[in-house]
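Heads up, the thing below is written out as structure tokens.
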Amino acid sequence: MTAERATDNPQVSEEGLQDSMDTLQDSMESRQHLLGSVAAQGVSKVFLPNSTSKVTALEDINLHISPGSFTTLIGPSGCGKSTLLRLVAGLIHPTQGVVQVNGKPADQARKDRDYGMAFQTASLFDWRTVRKNIELPLELMGWRRGARQQRAAEMLELVQLPEFADSYPSELSGGMQQRVAIARALAFKPTLLLMDEPFGALDEMTREHMQAELLHIWEETNTTIIFITHSIPEAVFLSTNVCVMTPRPGRISTQIEIDLGKRTDDTREREDFFASIVKVREALRSQEST
Amino acid sequence: MPDIRWWRKKILLACTGLAGLVALAGLYSLYKVIGRALDDGQRDWWFIGSMLPRSDDRNMPPIRDILAEFNQPTREGGDPLWNLIFDGVLFTLREALVGFVLGVVTGMVIAILLMRFLTLEKGAMPYIIASQTVPLIAIAPIIVIWGRKNFDFLPWEWQDWMSVSLIAVYLTFFPITVNGLRGLQSPNPDSKELMDSYAAGWWQTLWKLRLPASLPFLFPALKIAALASIIGAIVGEISSGQSDGLGFLILDFFTKYSTAPERLYAAIIGAALLGLFAAAVISLAEFILNVHRRQVANAQT
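If you want it as structure tokens, here you go:
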């Protein structure tokens, strides 16, 4: 990704090239440890601040997400999970505080295409084939056709759907559509993947299968993932870090680290898996009583 | 690759179409038979009879005569009627086609502007709707006179058929604007956020998301617009005195109806065939662009 960007500007003169390479090297080194990191400091978000129906969606959010981690945001409806994710995505802007992605402002990270995003609906364009859907972000970034096709084939391999390259989304099951959406989100190899309840509409069996699939992709790509869910077992099974959120106004009440090692199907039946579920459930419960 | 079942379906469809045509001709002839019986002095006995349209050969020429008329020259030593109608259809088709293309472009540009500037939609929509309630017969001569007098700044010589095309544009753009706007606004919030998350610009979002998403909405409107452009061209010819097209033939045969009613019927058949042709071309384009598949996908979400 960064290597491709370095060759983006071929008109620089010889010495100038050396200089800019050096500065690029410096800035790359200084940001290297921040690649894939997210930091929110004192962030709040108020919708319609000047109206009588103003809504404080988020208040005083402090969040540090380290590179390569898998963070889940969990909480009741209306606790601002989606708002927080959109703040990280730079799609909306905080009323107060700063959100940084890869060590730069979230909006800049959006413009630099530092993250990929997946939604509850797969949101595939149904006039494009699966392959063309995955190529969409690459087209927008001005990639050449050959490179696009090659990457799309790679991504289809990653989500294990290579035989569906020329199918249309309507010919795929819900789970397959979500896998394509994930492939599309990862097509340009972003350092960060934002997922807004991507498995919410799937049945339980498909869901568990998709969870295993996602973990496999996560291990293979080393991408930082922020994942929204309503399901406690899903949060525990997937993440290294669960953020429990409370509504009105939305806050992060508890952060729970999950250490279950490498997840397999057996993990779901292990003692410490249940223990972690209980921990998250109690954290969710305790806020109800207060 | 279309299989046997696909072909069977198509053949069945063609048969249904032919059967419809035969049934229509049959009903027409049957009514003539009943009507003739009524006309033979029995109308008074059967009081309903006096309310039904007359079915003598002047008011309803026999189908055989209408078909035979196609081969007759309209005047001594002239071309047969079908030749005249064919030329008229071609001439009107050209006017309608130019009007259709310009109308679709105009309609889409207006739809995109309305989509881009939401306040414009609220403010301009009443005028766009009002424009369609103005009688075409009234503005057609104005456009023709304008064409002759005011368009001399153009690098080419303005001809009356171009004015007729402009009249067709006036009828064509409306369905395109209305359906196009709905289509452009049809992508769900997730799709728009997706494009935002890729930092896609307004034009990129228009080109990659909104325009393709509008196609299933656009094709029904294109069919209406194609027919509207033909009606616009025919009415435009009649009210502008254009003397080469189908509209003129209809007007001409109307004045000679009392001596040769078959000709007006023949001209109407010509107009109907032109309309069918236009609708078929749009359907073919829809089929090639595979819009049907998209609609299936839309229905699922």
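Chains as they are written, first to last, in our numbering: chain R, 18 to 307; chain U, 288 to 588.
Idealized CB from N, CA, C, for every residue including glycine.
Everything numeric in this text was worked out from a predicted model, so none of it was measured.
query, result
"Short CB-CB distance (under 8 Å) between R/Lys128 and chain U", "yes"
"Proximal chain R residues relative to U/Ala486, where beta-carbon distance stays under 7 Å", "Arg127, Lys128, Arg130"
"Spatial neighbours of R/Gly278 in its chain, beta-carbon cut-off 7 Å, leaving aside the 5 residues before and after", "none"
"Through-space distance from R/Trp160 to R/Glu21, alpha-carbon basis", "Because the pLDDT at R/Glu21 is just 45, under 50, the model does not fix this residue reliably, and the value given afterwards should be weighed accordingly. Going from the Cα of R/Glu21 to the Cα of R/Trp160 covers about 11 Å."
"Minimum Cβ-Cβ distance from U/Ile575 to chain R less than 8 Å", "no"
"Proximal residues of chain U, C-beta to C-beta of R/Pro111 below 8 Å", "Within 8 Å Cβ-Cβ: nothing; R/Pro111 doesn't reach chain U, min ~17 Å."
"Separation of U/Ser484 from U/Thr492, as counted between CA atoms", "11 Å"
"Contiguous alpha helix (DSSP H) assignments of at least 4 residues, all confined to the region 88-144 of chain R", "98-106, 123-128"
"Proximity of U/Met482 and U/Leu496 at Cβ, strictly below 8 Å", "yes"
"Partner residues on chain U for R/Met212, Cβ-Cβ distance less than 8 Å", "The contacting residues do not exist; R/Met212 stays about 12 Å from chain U at best."
"Own chain partners of R/Leu157 with C-beta closer than 8 Å, once the 5 adjacent residues on each side are dropped", "none"
"Amino acids of chain R, ordered along the chain, whose beta-carbon sits closer than 8 Å to that of U/Gln250", "In this structure chain U extends from 288 to 588, so residue 250 of chain U is not present and cannot be described."
"Pairwise C-alpha distance: U/Phe440 and U/Ala559", "37 Å"
"Contact residues within the region 221-251 of chain R, judged by C-beta distance below 7 Å to chain U", "none"
"Cutoff 6 Å; reference R/Gly267; Cβ partners in own chain excluding five residues on either side", "Ala74, Leu75, Cys96, Gly97"
"Terminal residues of the alpha helix (DSSP H) in which R/Met193 lies", "191-203"
"Close-in-space but distant-in-sequence residues of the same chain around R/Ala106 (CB under 8 Å, 5 per side omitted)", "Ala123, Arg127, Tyr132, Met134, Leu211"
"Contact check, R/Val259 vs R/Ile91, beta carbons under 8 Å", "yes"
"Neighbour flag for U/Pro507 against chain R, beta carbons, 8 Å", "no"
"Inter-residue CB distance, R/Phe150 and R/Pro186 (contact presumed, cutoff 8 Å)", "The sequence shown places Asn at residue 150 of chain R, rather than the Phe named in the question. Yes, they are in contact, since the Cβ atoms of R/Asn150 and R/Pro186 sit about 7 Å apart, within 8 Å."
"Alpha-carbon to alpha-carbon, U/Lys543 and U/Ile651", "Residue 651 of chain U falls outside the range modelled here, since chain U spans only 288 to 588, and no answer is possible."
"Proximity of R/Ile242 and R/Val261 at Cβ, strictly below 8 Å", "no"
"Cutoff 8 Å: R/Ser140 Cβ touching any chain U Cβ", "yes"
"Beta carbon of R/Leu231 nearer than 8 Å to that of R/Thr89", "no"
"Alpha-carbon spacing of R/Thr246 relative to R/Ser293, whole angstroms", "16 Å"
"Residue range of the alpha helix (DSSP H) that includes R/Thr223", "221-238"
"Counted within 10 angstroms of its Cβ, other Cβ atoms place U/Gln446 as buried (16 or more) or exposed", "exposed"
"One or two residues paired with R/Leu80 in a DSSP bridge", "R/Ala57"
"Under 7 Å from the C-beta of U/Asp477: neighbouring residues of chain R", "Phe136, Thr138, Ser140"
"For R/Asn258: DSSP bridge partner residues", "R/Thr88, R/Glu274"
"Residues of its chain near U/Met347, where Cβ-Cβ distance is below 8 Å and the 5 sequence neighbours each way are ignored", "Tyr315, Tyr318, Lys319, Gly322, Pro340, Arg341"
"The region 134-148 of chain R touching the region 184-202 of chain R, judged by at least three CB pairs closer than 8 Å", "yes"
"Inside the region 445-520 of chain U only - beta strand (DSSP E) runs reaching at least 3 residues", "none"
"Cutoff 8 Å: R/Ala74 Cβ touching any chain U Cβ", "no"
"Cβ of U/Asp290 within 8 Å of any chain R Cβ", "no"
"Opposing strand residues paired with R/Asp213 [DSSP bridges]", "R/Ile245"
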